[in-house]
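Participant:
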Amino acid sequence: MGKNDNQNLMNLIKRVHSVVENKDVETQRQYQNSVAPLFGGSKEVTVEECTIEDIHSEWAVVNRPHMKKYIILYCHGGGYMTGSCMYARTITSKLADSTSMDVLSFDYRLAPEHPFPAALEDALKIWDHLMLLGYGARDIIVAGDSAGGNLALALVHKLKQQERLLPRGLILLSPWTDLTASGKTHQTKAEIDPILNARYLEEVTEAYAGGRDLTDPLVSPLFGDFTGFPPTYIQVGGNEILLSDSTRLHKKMLKADVSAHLEVFRGMWHVFQMSRFKRAYDAIDRCAEFIYDICR
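Sequential numbering from 30 applies to the sequence shown in the working numbering.
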């Protein structure tokens, strides 16, 4: 993709995103679900819906013989206010196809109706259910994008607090790690980010964690202790205001002797992996390579 093509695509994404960013939250949720089929889905993957502990969930399962020992638990993004399993298919279907592993996503409760810690409570219910199904912690790779990356990290922080076994690995796509918005790229990338802006982040932060201590590691995982965390692979776009959320996380993990790898995709935007172009599929293939490496 050439520089002009990349800029044109970013401009298009910005225009599409702006159509609903000023709408009410229910309209945003409906819009995301309506456009999801344009970005996701694969003939190679079957979606199997289910209910786990009253939480609507779904498995993305590849339509070919594959190993079922390891699975991916996927936490969708959407600022804790929007997003769903359906919207997550833009990534879960790609992950299932690329890794030949089953991918489980779930509709955790959303703010503002259900602020913190509702989403984390739901993630723990799903984790506990997987344990009851017979999976071990080391059989599970936890992944997530944006707020889902936040939730994936918060889940591991919570499991660690409970002195439980941790997942085999973490995959984080443009993770939202710091709700205090203290990273420098919140300013330096503000003019070029086609997806996120300060006003939106303030709105979703207030809806999800208003009145809370934003430095609580279960709210802003960046401020937690990463000692003992599993191997982690982080992908982030070079043109997004949450770039520093990833770079600072990576540095903290390395200081805690975590096997962490950060890949910055130049010219890319927030969760570009949802899109249907070669670089997005290549990024998912890189996630698969990470998984294969830690599952040897």
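Here a beta-carbon is modelled for each residue, glycine too, at the ideal position from N, C-alpha and C.
Expressed to the nearest angstrom, what Euclidean distance is found between the alpha-carbon atoms of Glu77 and Thr217?
Facilitator: So the two alpha carbons sit approximately 42 Å from each other.
Participant: Cβ atoms of Met110 and Pro141: under 8 Å apart, would you say?
Facilitator: Against a cut-off of 8 Å, the Cβ pair of Met110 and Pro141 comes out as a contact.
Participant: Is it buried or exposed for Arg44, if we count other Cβ within 10 angstroms and need 16 for buried?
Facilitator: Low confidence applies to Arg44: its pLDDT is 49, below 50, so where it sits in the model is not reliable enough to give any reading.
Participant: In this structure, does DSSP put Glu231 in helix, strand or coil?
Facilitator: DSSP places Glu231 in helix when its eight states are reduced to three.
Participant: Kindly list the residues whose CB is nearer than 7 Å to the CB of Val49, restricted to its own chain and excluding five residues on each side of it in sequence; keep chain order.
Facilitator: With a pLDDT of 46 at Val49, under the threshold of 50, the modelled position of this residue cannot be trusted, and the question is left open.
Participant: For His279, collect the residues of the same chain with a Cβ closer than 7 Å to its Cβ; drop the 5 residues on either side in sequence, then sort them by chain order.
Facilitator: Ile263, Ala289, Leu291, listed in sequence order.
Participant: In whole angstroms, give me the CA-to-CA distance for Ser275 and Gly108.
Facilitator: Taking the straight line from one Cα to the other gives about 16 Å.
Participant: Output the boundary residues of the beta strand (DSSP E) element that contains Thr256.
Facilitator: Where Thr256 is concerned, there is no enclosing beta strand (DSSP E), given that its DSSP letter is neither H nor E.
Participant: Have a look at Met130 and His105 and give me their C-alpha separation to the nearest angstrom.
Facilitator: Cα-Cα distance, rounded: 17 Å.
Participant: Under a three-way DSSP split, which group does Ala219 fall into?
Facilitator: If DSSP states are grouped into helix, strand and coil, Ala219 belongs with coil.
Participant: Leu251 and Pro146 - do their beta-carbons sit closer together than 8 Å?
Facilitator: For Pro146 and Leu251, no; Cβs fall outside 8 Å.
Participant: Below 8 Å, how does it come out for the stretch 197 to 211 and the stretch 177 to 186: are there three or more Cβ pairs, yes or no?
Facilitator: As far as the Cβ criterion goes, the stretch 197 to 211 touches the stretch 177 to 186, which means the pair count is three or higher.
Participant: At what residues does the alpha helix (DSSP H) containing Trp88 begin and finish?
Facilitator: Segment 84 to 91 is the beta strand (DSSP E) holding Trp88; no alpha helix (DSSP H) there.
Participant: In or out: Tyr116 buried (at least 16 other Cβ within 10 Å) or exposed?
Facilitator: Label assigned to Tyr116: buried.
Participant: State the start and end residues of the unbroken beta strand (DSSP E) segment that holds Ala289.
Facilitator: Run containing Ala289: 289 to 294, per the beta strand (DSSP E) assignment.
Participant: Taking 8 Å as the CB-CB cut-off, is Gly267 touching chain B?
Facilitator: Although the question refers to chain B, the structure presented lacks it and comprises just one protein chain.
Participant: Between Glu82, Thr119, Ser127, Thr121, which lies nearest to Arg93 when the distance is taken from Cα to Cα?
Facilitator: Ranking the options by Cα distance to Arg93, first place goes to Ser127.
Participant: Excluding sequence positions up to five away, which residues of its chain have a Cβ less than 8 Å from the Cβ of Leu124?
Facilitator: Taken in chain order, the residues that qualify are Ala89, Ile101, Tyr103, Met130, Val132, Ala172, Ile313, Cys316, Ala317.
Participant: By how many angstroms is the C-alpha of Phe135 removed from the C-alpha of Lys189?
Facilitator: Rounded to whole angstroms, Lys189 to Phe135 spans 22 Å at the Cα level.
Participant: Whose CA, out of Ser122, Ala210, His215, Phe319, lies closest to the CA of Thr261?
Facilitator: Thr261 has its Cα closest to that of Phe319, out of Ser122, Ala210, His215, Phe319.
Participant: Asp168 to Tyr99, Cα distance in whole Å?
Facilitator: Asp168 and Tyr99: Cα-Cα distance of roughly 5 Å.
Participant: Can you give the Cα-Cα distance for Gly112 and Tyr237, rounded to whole angstroms?
Facilitator: Whole-angstrom Cα-Cα distance: 14 Å.
Participant: Just confirm the distance between the C-beta atoms of Pro259 and Arg197, as a whole number of angstroms; I'd bet it's less than 8 Å.
Facilitator: Contact flag correct, Cβ pair sits at about 6 Å.
Participant: Is Val48 helix, strand or coil when you go by DSSP?
Facilitator: Because the pLDDT at Val48 is just 45, under 50, the model does not fix this residue reliably, and the point stays unresolved.
Participant: Just to confirm, are Leu225 and His299 a CB contact at a threshold of 8 Å?
Facilitator: Yes, they are a contact pair.
Participant: Quick one: grab the DSSP three-state call for Cys79.
Facilitator: Cys79 falls in the strand class under three-state DSSP.
Participant: Can you tell me the Cα-Cα spacing of Tyr310 and Gly266, whole angstroms?
Facilitator: Roughly 14 Å between the two C-alpha positions.
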